[in-house]
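According to numbering that gives the first Met the number 0, the residues represented by the sequence shown are 0 to 354, in order. Positions of the beta carbon are idealized from the N, C-alpha and C atoms, including for glycine. Quick caveat: nothing in here was measured; it's all calculated off a predicted structure. Written below as structure tokens is the structure these notes are about.
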Amino acid sequence: MATLSPAGDYRTSYRDDMTIFPTRNSRIALWLGIALVACAPLVLGRYELGLLINIGFMGIAALGLNILVGFTGQISIGHAAFFGFGAFMSAWLHEAWHIPVVLCIPLAGVATALVGLVFGAPAARLKGLYLAIATLAAQFILEDFFARAQWFTGGVAGRITEPFELFGWRADREDSYLYVVLAAVIIMFTFAANLMRTRDGRALVAVRDHYLSAEVMGINLAYYRMLSFGIASFYAGIAGALYAHYLLFVSVEAFNILFSIQFLGMVIIGGLGSIMGSLMGAAFMVLLPEVVQAAADAVAGGAIDRALRIGNSISFLREMAVGAAIVLFLIFEPDGLAHRWKQIRAYWKLYPYSH
């Protein structure tokens with residue numbers, strides 16, 4: 000049901016079968032969505048635009064983790080550390096080497112990919128709980144590096160960054176920086192969609208589905224596991240650099256283990272092995288605390304507020320909501336939001352028939 004095509008859609012070549020847009024309506028929906036986001040500064044305020052920007056770079060980082068976890072079947076509990084490394088690297092390149100920000104962002108992604116390959120080399124030969132512990136070690140190693148390397152991160156004082164600038168155009172406000180993030184989202188998601196259609200992309204999926212069969216077919220397991228770590232780190236580095244030049248300040252305390260768990264939550268909620276699900280999961284995790292805050296404001300001063308003291312514990316309620324969402328999705332919707340969306344589309348294609 001998830002791959003239904005309209006009647007009369009006969010595909011006669013592999014190129015037709017591997018197209019990114021299976022139907023004309025899907026292509027129209029994509030362009031319409033991009034147009035709506037591009038017009039958002041005309042109707043939305045700075046706060047709402049800030050949420051869209053957060054969804055953008057969080058979606059890029061979640062997509063990188065999804066390539067590692069969802070498409071390759073690996074695990075990483077240290078994704079936030081690579082996210083932070085990309086943020087600090089971009090800021091350091093601009094301040095120490097006076098490289099333009101437009102070049103610092105991709106260079107930060109490449110540098111983070113190299114760091115990811117360093118940690119991915121031993122992790123590529125591990126699996127299960129041992130792999131989880133190895134990536135957890137990477138999280139704590141990089142956190143300790145951030146705290147001690149003052150020349151790189153500024154230490155506990157953090158590091159101030161500069162806004163994005165290109166040919167005199169300065170993106171130092173939400174209404175301008177949104178277009179930088181939108182362009183990055185389009186490029187990174189297009190790259191991932193095309194990657195999954197290549198030989199390397201199919202090899203990553205084969206490693207996930209059955210690594211023994213993949214090895215018998217001639218797929219180098221260690222190489223593709225390391226490749227997935229490098230790609231995931233590259234995406235995290237790009238997203239971290241976008242984060243740094245949006246907030247204009249990077250602090251070492253932001254990239255802790257809880258942030259890594261949030262990235263895993265985005266992948267789980269959006270859908271493992273789904274490119275669109277990565278963005279949906281990021282949007283869910285960014286907007287969920289806002290919904291909790293709105294609900295708390297709605298019951299403020301009432302009997303529920305007096306009984307539970309919501310006003311004094313709203314920060315804890317946000318964390319509880321994130322944890323509860325992950326658990327509920329694992330129980331009731333393990334395939335994520337992307338799978339549910341496909342089922343809704345299939346329902347409307349079949350309606351009013353049951354088959």
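Residue pairing from DSSP places Val249 in a beta bridge opposite Arg158. Shown here, Leu165 sits in a strand according to DSSP, grouped into three states. Within the stretch 256-285, the complete alpha helix (DSSP H) segments at least 4 residues long are 256-269, listed from N- to C-terminus. In the DSSP assignment, the residues bridged to Ala170 are Phe163. Counting only residues of its own chain and dropping the five nearest sequence neighbours on each side, Phe82 has a CB closer than 8 Å to the CB of Ala60, Ala235, Gly236, Ala238, Gly239, Tyr242, Phe254, Phe258 and Phe262.
Ranked by Cα distance from Gly85, the first of Leu220, Ala231, Ala306 and Leu35 is Ala231.
Exclusion of the five residues before and after Phe233 leaves Gly108 and Ala112 as the residues of its chain whose Cβ lies within less than 6 Å of its Cβ. Within its own chain, the residues whose Cβ lies closer than 7 Å to the Cβ of Val204, once the five positions on either side in sequence are excluded, are Phe70, listed in chain order.
Secondary structure note for Gln73: it is in no alpha helix (DSSP H), with a DSSP letter that is neither H nor E.
Closest by C-alpha distance to Phe163, out of Cys103, Arg201, Ala146 and Ile132, is Cys103. Selection Gly72, Ala294 and Arg198 evaluated against Val266 yields Gly72 as nearest (Cα-Cα).
Exclusion of the five residues before and after Gly55 leaves Val180 and Val184 as the residues of its chain whose Cβ lies within less than 6 Å of its Cβ.
The Cβ-Cβ distance between Met279 and Ala324 does not fall below 8 Å. About 11 Å separates the CB atoms of Ile66 and Ser273; that is not less than 8 Å, and the two are not in contact.
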